Amino acid sequence: MGRKSAQTTDYANWLAALKQQFRQTQLKAAVQINSELLNYYWHLGDEIVEKQQNSSWGDKFLAQLSQDLMAGFPDIKGFSRRNLEQIRRWYRFWQQDSAITKQAATQLVQIPWWYNVVIVSKCQSQAEAISNFEQTLPDTQSDLVQQAPYVFQAPSCGRDRGRVCQEVGR
96 MGRKSAQTTD YANWLAALKQ QFRQTQLKAA VQINSELLNY YWHLGDEIVE KQQNSSWGDK
156 FLAQLSQDLM AGFPDIKGFS RRNLEQIRRW YRFWQQDSAI TKQAATQLVQ IPWWYNVVIV
216 SKCQSQAEAI SNFEQTLPDT QSDLVQQAPY VFQAPSCGRD RGRVCQEVGR
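What follows is the structure, given as structure tokens:
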């Protein structure tokens, strides 16, 4: 009976290690996806600002772009007009001082999109925003993997908005 108990314990330990490895893999994948998404949002923000400055498309341009992107990607929630406005605002905020932006770029893409939105909406300067980075990156990010499964799509600003604002401390 002792041998079977040892095998059960070995199996349980092995299974626990496999689960932990999977959680770590999920977290790494989510961080990489977030980074790529924010790089895309940076490019999109740049394109939106450039098109609005150099064309006569007017204010309805974002509404049309939103409709067209949502039609092209019906399962993705990140292309609402409001989110496109936030992408433009985020891009404009960080493009003001390229020296600071280069310094902050590594941290910017490690922070989830909605945290970026909250920081930009609450901060008056890039320096103030940078000081908020530490508040947005928890010490044990692996806990986030255990709390809720990751959704691998552009994030939407939904029911977690109040919780996110509270976590950022604003």
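If you read the sequence shown in our numbering, its first letter stands for residue 96, the second for the next number, and so on.
Every residue gets a Cβ at the ideal spot worked out from N, C-alpha and C, and that includes glycine.
It should be emphasised that the depicted structure is a prediction, and the values quoted were computed from it without experimental measurement.
- With a beta-carbon spacing of about 5 Å, G140 and I182 fall inside the 8 Å limit used to define contacts.
- The region 161 to 169 makes no contact with the region 116 to 130: fewer than 3 CB pairs, one atom from each, lie closer than 8 Å.
- By the criterion of a C-beta distance shorter than 6 Å, I225 is surrounded in its chain by A199, once the five residues flanking it on both sides are discounted.
- With a contact defined as Cβ atoms closer than 8 Å, V204 and L133 qualify at about 5 Å.
- For N178, the uninterrupted alpha helix (DSSP H) run begins and ends at R176 to Q190, by DSSP.
- The three-state reading of DSSP puts K217 in helix, counting H, G and I together.
- Taking C-beta atoms as the reference points, Y136 and W189 fail to come closer than 8 Å.
- Apart from the 5 residues on each side of it in sequence, V215 sits with its Cβ closer than 7 Å to the Cβ of R184, W185, F188 and A224 in its chain, given in chain order.
- I206 and E142 have their C-alpha atoms some 22 Å from each other.
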